[in-house]
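Going by the working numbering, the sequence shown opens with residue -11, and the numbers climb by one from there. Ideal Cβ positions, reconstructed from N, Cα and C, are used throughout, including at glycine.
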Amino acid sequence: MPFPNYQIKRGAVEIPAGSISYFRAGEGHPVVLLHSLALSADMWIPVLGDFLTAGEVIAIDLRGHGRSTYDGKDFTVEELAVDVRIVLDALNLKKVNMLGLSMGGCVAINFAAANPDYVERLALCDTTSWYGPDAPKSWQARANTAMTRPRVMQIPFQVDRWFGERFRRINPRMVSHVVKIFMATRPEVHAKSCLALGAFDNSGQLHNIIAPTLAITGEDDDATPPDMGQRLGSEIPNGRFELAKGLRHFALLESSFVRSAVVQHFSGVEVDGEMLSSLESCCPATVIATVAASEEEKKR
-11 MPFPNYQIKR
-1 GAVEIPAGSI
9 SYFRAGEGHP
19 VVLLHSLALS
29 ADMWIPVLGD
39 FLTAGEVIAI
49 DLRGHGRSTY
59 DGKDFTVEEL
69 AVDVRIVLDA
79 LNLKKVNMLG
89 LSMGGCVAIN
99 FAAANPDYVE
109 RLALCDTTSW
119 YGPDAPKSWQ
129 ARANTAMTRP
139 RVMQIPFQVD
149 RWFGERFRRI
159 NPRMVSHVVK
169 IFMATRPEVH
179 AKSCLALGAF
189 DNSGQLHNII
199 APTLAITGED
209 DDATPPDMGQ
219 RLGSEIPNGR
229 FELAKGLRHF
239 ALLESSFVRS
249 AVVQHFSGVE
259 VDGEMLSSLE
269 SCCPATVIAT
279 VAASEEEKKR
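Encoded structure:
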C-alpha cells in the first residue's frame, strides 16, 4: 500500500552556491520542515498528513541534499541557515513555524537565533546546539566513514540509530523509505555535512531565540542524548523540553504522539503529559513525559 498521494508542488530557489529545492503542500500558516543528516525533504512524506493539520508545509532540501545542488565546497551550519532565509524571502514568507530534526534542528537553531522575527514558534527534535568538546574529532571520523565505506554497509548502523527494534518490525515501509533517501545521498555531501556539524556551536546564541520553543528528544537517542534536548529547553528563554520514552533518534517518525505534540505547539496549545497520553500512537507503548524547565535552570 503506497503512502498517501498528497498534492505537492516542487520548486527551487537559486543561491550563490547552487539551488535549493523545496516542496509545498496544504494551506494555512506556513510550517517549515528541515530534515536530518544525509536525508531530504522527502523523508516527511509518510507523515506529511499530520503536519498538514498545522498549516501549509514548506519542506526544504538542505544544500546538496535531495534535489538541491551545491558547488562542491565545504559549508557551515550558518550557511545552511542563510540558504533557508533565501528560500523564505523568495517565497515572501516572513513569519513561520519551524521544525528541525537532528541536523535540521541545528539549522533551525541557527536560523531562529539569527532571524528571531521570522520564527513564530519553534520545534526542535532530537537535536542540539553543540555536540560537545569532542565533536570535531568524532564528526571527522563520521565524515571519513561516509566517504570510504560502501553506502549499503552503513545502513545497519544508521537504521539502528534512527529507529527502535519494535518500530522497525511493524513499520518496514517507513524504514525502507528513509533508507532509500539515505542511499541516494552523495557521500561527499554526507561527509561535508558531518564536518559542518563537528564545527557547529550555537550554545552561546540560544538566548537570542525569542520564539516559544518545544524541544523533544527520544529517551534512547544515542546521537543527541536527552541532556542535549533538556539544555535547549532550559537555555532558550521561552523553551520547554519533553522526553519521548522508549524512542530513538527519529522519535518524530516513530510516534504520532511526538508529531501531535509538535502540531499542538504550533497551534499555541500547551501540551502536557496527561494530554499526550490520550493521543493515538503508532507505537502504543510509547509514553512521552514532560520535563518542565525550572526557573532556576533558565537563569543559568
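Helix, strand or coil at residue i [DSSP, three-state]
| i | result |
| --- | --- |
| VAL257 | coil |
| ILE48 | strand |
| ASP38 | helix |
| ASN85 | strand |
| ARG247 | helix |
Candidates the options, of which the one nearest residue i by Cα
| i | options | result |
| --- | --- | --- |
| LEU240 | VAL140, ASN103 and ASP38 | ASP38 |
| PHE229 | PHE245, THR201 and ASP210 | THR201 |
| TRP118 | ALA172, ASP59, SER7 and THR212 | THR212 |
| THR115 | PRO225, PHE63, GLN252 and TRP150 | TRP150 |
| GLN(-5) | ILE46, HIS17, SER9 and HIS23 | ILE46 |
| ALA69 | PHE99, LEU87, GLY152 and MET91 | PHE99 |
| ALA96 | ASN(-7), LYS82, ILE197 and TRP127 | ILE197 |
| SER28 | PHE170, ALA184, HIS17 and VAL84 | PHE170 |
| ARG156 | PHE238, GLY54, ARG55 and ARG219 | PHE238 |
| ARG73 | THR136, ASP62, ASP49 and GLY60 | ASP49 |
Bounding residues of the alpha helix (DSSP H) (the contiguous stretch that carries residue i)
| i | result |
| --- | --- |
| ASN98 | 91 to 102 |
| LYS168 | 160 to 172 |
| ALA184 | 175 to 187 |
| GLY217 | 214 to 223 |
| ARG73 | 65 to 78 |
Proximity test, Cβ basis, 8 Å: residue i and chain C
| i | result |
| --- | --- |
| PRO(-8) | Judged by its chain identifiers, the structure shown contains no chain C, having just a single protein chain. |
Cut-off 6 Å between Cβ atoms - residues of its own chain near residue i, not counting five sequence neighbours on either side
| i | result |
| --- | --- |
| LEU267 | Confidence in LEU267 is poor, its pLDDT being 35 and thus under 50, which makes the residue's placement too unreliable to answer from. |
| GLY293 | Coverage of the chain is limited to positions -11 through 288, which leaves residue 293 absent and any answer about it impossible. |
| GLY221 | ALA203, GLY227, ARG228, PHE229 and ALA281 |
Cut-off 7 Å between Cβ atoms - residues of its own chain near residue i, not counting five sequence neighbours on either side
| i | result |
| --- | --- |
| GLU15 | GLU44 |
| ALA187 | THR64 and PRO124 |
| LYS82 | TYR106 |
| MET263 | Legend: pLDDT at MET263 = 43, less than 50; position of this residue unreliable, value from coordinates given subsequently. Nothing meets the Cβ criterion. |
| ASP296 | The structure shown does not extend to residue 296, since the chain is modelled only from -11 to 288, so the question has no answer here. |
Where the beta strand (DSSP E) containing residue i begins and where it ends
| i | result |
| --- | --- |
| ALA239 | Unbroken run through ALA239 is the alpha helix (DSSP H), 239 to 242; no beta strand (DSSP E). |
| SER7 | 6 to 13 |
| LYS(-3) | -3 to 3 |
| PHE151 | Careful: PHE151 lies outside any beta strand (DSSP E) and carries neither H nor E. |
| ILE33 | It is not in any beta strand (DSSP E) - ILE33 carries neither H nor E in the DSSP assignment. |
Cβ neighbours of residue i in the same chain (closer than 8 Å, five flanking residues each side left out)
| i | result |
| --- | --- |
| LYS(-3) | PHE11, ARG12 and ALA13 |
| ASP210 | ARG149, ARG236 and HIS237 |
If you scan the segment 111 to 148 from start to end, which runs of the alpha helix (DSSP H) of 4 or more residues do you find wholly inside it? Fully enclosed alpha helix (DSSP H) runs of no fewer than 4 residues occupy 123 to 136 of the segment 111 to 148, in order along the chain.
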